[in-house]
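Line by line, the protein sequences give chains A and B.
The working numbering puts the first sequence at residues 26 to 491.
The working numbering puts the second sequence at residues 35 to 443.
Built from N, CA and C at the ideal position, the CB exists for glycine as well.
What you are looking at is a predicted structure, and each value in this text was computed from that prediction instead of being measured.
Beneath this line is the structure, given in structure tokens, with notes to follow.
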Amino acid sequence: MRGYGHLKDTRYYLLHVGNAVLGKKWLDTICNDITDGSHKPIKTALNIAFSHPGLKALGMNEENLRAFSREFREGIDTLHRNRLLGDEGTSDPKNWIFGGNAENAQDPNTCDENIHIMLMAFGENETILTEFSAELEAGFAQHELSIVLPLDGKLLEDNKIHIGFRDGISQPIIKGTEKTGPKSNMVATGEFLLGYENEYGVYPDTPFIYKEQGDVSLLPLDNGGSGNRDLGHNGSYMVYRKMEEKVDVFWEYMNENTKSEDGSLNEAESIKLASKMIGRWPNGSPLVKFPDAMPNTGMTDDDDFGYHADDQNAQKCPFGSHMRRNNPRDSFEGNSARKSLNLTNKHRIIRRGRSYGEPLVSTPTNHKPENEIGLHFTCFNADIAGQYEFIQHTWANFPRFEQLYNDPDPITGVRDVAGENCVQNFTIQDNPINKCVKDLKQFVTVKGGVYLFFPSISAIKYISTI
Amino acid sequence: MNIIKQNALTLISTVEENSSKKLSDLLAVRKNEFREALGKLGTIHYARWVIVPGETLDGEVIPDQLVFSSNFDGDPDVHFQDLVNYLGPILDLIYENTVGYQPANKLDFLKKSRIPEAAFYQGSPGRTVRVIAQEKKLHYDLADLIYRGNWTGMSAKQIHAKLRETILSKPEYSWAKDKINTPGINWFGLIFAGIIILALVPVIILWAIYIQIFFERKDKPLGKTPNQLDDNQIEKMELDEDFHFQNQFSQIIKMKKGRSRAITVNGLYLFTRVLVKVFFVKGNLMGIPTIHFARWVQLDNKKRMLFFSNFDGSWTQYLADFIDQSGWGLTGIFSNTDRFPRAYFLFFGGAYNERQFLAWARNTQIQTQLWYAADLTQSIKNINNNTAIRNLLNQDLSEKKATSFLERI
């Protein structure tokens with residue numbers, strides 16, 4: 026689950042298993058190359074995740090397949106889930122390039138039933154990655170694994186993403202790991218790893234082996250005491266979504282809404298409006314600490330702050346901003362700081378992102394890419410419904426979040442549904458009056474998605490034996 | 035301005051044998067037409083028709099029953115008459131599938147089929163459907179004025195004064211000149227209730243111990259997690275969910291047997307009724323700020339309980355809220371129902387077992403054949419915020435109060 030910040034280049038493979046026996050043989054060999062969490066990889070790293078159809082294709086039996094969580098079993102493209110996640114209009118799975126269900130997929134080869142494995146390769150630079158990829162691809166060919174889609178990505182300069190902002194700053198810290206950080210960010214292990222207690226003090230649903238197959242001795246027993254072998258132990262659920270960043274629409278909106286009286290560009294105000302929408306300045310400085318202007322201190326990962334003490338009325342960091350609403354921290358629904366944290370830490374995710382397309386870090390004056398650019402968004406959580414889906418639906422998409430009326434998340438919650446009369450605003454809390462920018466445009470379009478199981482290395486080994 | 039109270043109406047009738055499917059199809063096919071009719075009354079906030087599936091309890095066969103629930107403004111007798119006047123032929127269509135219905139005696143039939151609620155919660159007491167709509171427009175117009183106006187150099191007090199002048203000069207806003215008196219926290223009642231409860235604490239503790247020793251340890255919880263439930267059942271529920279960021283929930287729950295359990299739950303209903311009346315009047319039920327209306331109803335000689343709720347957000351969020359904010363209250367009441375996650379001393383465990391509680395809740399959920407809402411576009415927080423704005427508008431405000439007024443828009 027590490028971010029591998031020093032391995033700049035990535036290639037994700039969406040793979041189809043052509044032959045179960047060969048596929049498992051491949052897994053058996055690749056197992057040894059999978060990077061584990063205990064040490065930092067040097068030149069390359071490799072991780073692997075499985076979809077539900079993928080586990081089925083490899084020969085997992087019905088009873089064991091059924092043991093996985095419902096979201097994972099159903100897949101990301103169902104009518105109800107489309108509503109929950111806001112995958113409508115231009116983000117409708119009908120328009121996805123992969124991951125739509127059989128009915129929606131434009132190309133049947135890329136439908137969810139055919140995406141079995143996601144293999145994630147990381148390399149220190151492009152050359153090393155290319156070499157690594159060649160080796161991997163040779164392995165695919167030998168084991169009848171076909172590449173449904175290769176997805177290249179990289180970390181852009183200063184860890185920024187295409188819209189021009191430093192990303193991936195706020196991450197929860199898993200209790201029990203050696204990482205340190207602000208105490209308010211420490212979250213129970215079981216929120217991210219199966220087999221451990223979560224923030225409710227209970228064990229999250231984890232896939233047990235109900236009907237014996239393969240070498241179950243490779244799997245530990247359930248920590249919850251049921252006596253079952255726990256396939257999920259030390260594993261997690263992973264969400265992957267390919268998200269196009271329409272940087273031209275983004276900056277044109279900012280420029281238009283902040284232009285001077287004579288119609289000329291006001292670059293500082295444009296950046297300020299964008300920062301108010303995000304919650305941080307482009308260099309990562311949080312608005313809560315620097316409400317009026319970006320400090321000249323260079324890039325920062327400052328995540329040590331709350332809202333309760335200094336910004337309860339959101340005049341520094343707006344309620345509707347992307348950062349604040351996706352993690353309200355210690356200021357939630359009028360609760361005390363302590364209670365708020367207690368509540369919000371039950372809905373956190375670990376995010377990992379890699380940018381794709383030309384390496385443009387856009388600005389108010391430079392935002393016209395030649396081709397599609399965007400983000401490979403991935404996140405980890407033990408409970409997809411209670412964490413990722415919850416955040417996306419209840420906090421990001423909800424236009425009546427906190428005390429707002431018509432304000433979806435300006436980055437990830439705006440719907441682009443032709444013909445519908447939808448009021449979508451962004452309100453900036455201010456003194457004496459609140460300011461409102463109206464008619465939000467969709468800056469991010471979903472191009473594909475998949476729900477995956479991210480097993481421990483022992484579990485991968487086990488899967489190769491079923 | 036005097037408050038017009040919001041009230042609850044619950045009607046129950048036995049479905050004619052083998053008519054459930056026909057009734058269910060009728061409600062599905064003509065949903066929009068029926069909703070339109072309900073809307074014509076102008077006084078219904080939320081309403082639903084639910085076919086409560088029958089079962090065999092203690093050897094007794096309980097048939098399918100049709101429950102009608104409405105949350106409405108004003109006098110119940112007037113409401114009965116309105117239902118007959120506005121829905122006449124529709125009532126015939128629906129109730130001809132139930133036992134004992136006579137089109138010629140609609141009013142009588144409806145009145146006879148009324149049953150009481152054990153507890154009833156409102157998120158925005160004192161606001162009628164009309165007032166909610168008026169205050170919604172007021173908020174919209176104020177926000178628009180602010181957006182389009184030039185307020186440079188003006189203080190909050192001055193801005194408020196200008197807004198007040200502009201709005202109140204319009205004839206369509208003459209109603210906004212008056213404050214609306216919403217129920218306040220009844221401190222006297224609360225203290226009184228508090229004293230009684232304190233006095234009863236030793237009894238409550240002994241009772242909790244009694245329940246734990248003789249009952250809780252023998253309970254048989256459902257023992258499932260959400261993933262272990264029937265997929266088809268859940269899919270069926272989800273078909274109707276999450277269209278508008280507002281949802282409804284209907285539950286039918288078997289009560290645990292025995293007088294002790296009955297005494298416990300009746301005590302807690304009473305406790306709830308009192309608290310709802312004296313304390314939870316500000317749009318917040320034990321810390322949950324998303325419920326519009328909710329009710330508990332005892333059915334079938336108190337052998338079963340119905341729970342109906344209309345709330346903001348998704349089902350997952352709603353239940354998560356409940357656990358987080360009032361797990362003990364939930365456990366207190368619902369631990370007296372069958373298959374609830376194991377509770378300890380009445381208020382501990384139970385709902386706090388998050389996985390099992392979510393599964394239990396989903397497992398007792400039933401389909402709502404027809405759900406009506408007057409307004410799906412506002413949260414309870416919006417509604418109460420609008421009232422606060424209205425009440426502050428026609429007043430002389432200090433700079434501080436004016437600032438706080440403007441923060442709401």
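Contact list for residue i against chain A, beta-carbon separation under 9 Å
i	result
B:Leu440	Asn456, Pro457, Ile458 and Asn459
B:Asn419	Gln428 and Tyr430
B:Trp185	Pro457 and Ile458
B:Gly317	In chain order: nothing, as chain A lies at least about 11 Å away.
B:Ala190	Asn456, Pro457 and Ile458
B:Asn416	Arg425, Gln428, Leu429 and Tyr430
Enclosing beta strand (DSSP E) for residue i [first to last residue]
i	result
A:Leu493	No statement about residue 493 of chain A is possible, as the shown extent of chain A runs from 26 to 491 and does not include it.
B:Phe341	Arg338 to Asp346
A:Lys22	This structure does not reach residue 22 of chain A, given that chain A is present from 26 up to 491, and the question cannot be answered.
B:Ala233	Segment Trp221 to Phe248 is the alpha helix (DSSP H) holding B:Ala233; no beta strand (DSSP E) there.
B:Ala328	Ile325 to Leu333
B:Thr90	Glu89 to Leu91
B:Phe439	Element bounds for B:Phe439: not the beta strand (DSSP E) but the alpha helix (DSSP H), Glu433 to Glu441.
B:Trp405	Leu404 to Ala407
B:Asn139	Where B:Asn139 is concerned, there is no enclosing beta strand (DSSP E), given that its DSSP letter is neither H nor E.
Among the options, nearest to residue i - alpha-carbon criterion
i	options	result
B:Ser208	B:Ala195, B:Tyr181 and B:Gln168	B:Gln168
B:Phe313	B:Leu72, B:Pro159, B:Gly88 and B:Trp185	B:Pro159
A:Asp132	A:Met143, A:Leu71 and A:Asn120	A:Asn120
A:Asp255	A:His392, A:Val272, A:Thr155 and A:Tyr235	A:Tyr235
B:Phe374	B:Ile286, B:Arg64 and B:Asn119	B:Ile286
A:Val313	A:Thr388, A:Asp329, A:Thr60 and A:Glu99	A:Asp329
B:Gln390	B:Arg338, B:Ala354 and B:Gln429	B:Ala354
B:Glu51	B:Phe327, B:Ala152 and B:Val133	B:Val133
A:Pro78	A:Ser481, A:Lys486 and A:Leu477	A:Leu477
B:Lys170	A:Pro343, A:Tyr430 and A:Leu368	A:Tyr430
A:Ala334	A:Met348, A:Ser361 and A:Gly323	A:Ser361
B:Val86	B:Leu333, B:Leu72 and B:Thr365	B:Leu333
B:Ala81	B:Gln282, B:Asn266, B:Leu60 and B:Val63	B:Gln282
B:Leu380	B:Thr186, B:Ile245 and B:Val95	B:Ile245
Rounded C-alpha distance that separates residue i from residue j
i	j	result
A:Phe93	B:Asn261	7 Å
B:Ala195	A:Ile453	22 Å
B:Gly157	B:Gly347	14 Å
A:Asp432	B:Lys145	44 Å
A:Gly111	A:Ile491	37 Å
A:Tyr381	A:Tyr29	17 Å
B:Ala20	B:Leu256	Beyond the ends of chain B as shown, which are 35 and 443, falls residue 20 of chain B; an answer cannot be given.
A:Glu397	A:Pro175	15 Å
B:Leu197	B:Lys435	14 Å
B:Pro302	A:Cys404	The identity of residue 302 of chain B in the sequence shown is Leu, whereas the question assumes Pro. Distance between the alpha carbons of B:Leu302 and A:Cys404 is about 43 Å.
B:Phe248	B:Glu70	52 Å
8 Å Cβ cut-off: residues of chain A touching residue i
i	result
B:Pro323	Glu358 and Gly359
B:Ser413	Arg425
B:Ile96	Those do not exist, as B:Ile96 stays about 31 Å from chain A at its closest Cβ, beyond 8 Å.
Delimiting residues of the alpha helix (DSSP H) encompassing residue i
i	result
B:Ser54	Ser54 to Val63
A:His77	His77 to Ala82
A:Thr369	Ala362 to Thr369
A:Thr490	It is not in any alpha helix (DSSP H) - A:Thr490 carries neither H nor E in the DSSP assignment.
B:Val312	Arg293 to Val312
A:Ile303	Glu292 to Ile303
DSSP bridge partner residues for residue i (one or two, in chain order)
i	result
A:Ser171	A:His41
B:Asn105	B:Ala42 and B:Tyr80
B:Ile286	B:Leu340
A:Lys10	Since the first and last residues shown for chain A are 26 and 491, residue 10 of chain A lies out of range.
B:Glu94	B:Leu91
B:Gln14	Any property of residue 14 of chain B remains undetermined from this structure, which presents chain B solely from 35 to 443.
A:Glu269	A:Gly399 and A:Thr470
Chain-ordered neighbours of residue i on chain B, where CB pairs are closer than 7 Å
i	result
A:Ser94	Asn261
A:Arg108	Asp276 and Phe277
Proximal residues of chain A, C-beta to C-beta of residue i below 7 Å
i	result
B:Thr350	Ala410, Gly411 and Phe415
B:Gly347	Thr419 and Phe423
B:Glu388	Tyr225 and Val227
Proximal residues of chain B, C-beta to C-beta of residue i below 9 Å
i	result
A:Asp230	Thr259, Pro260, Asn261, Gln262 and Arg389
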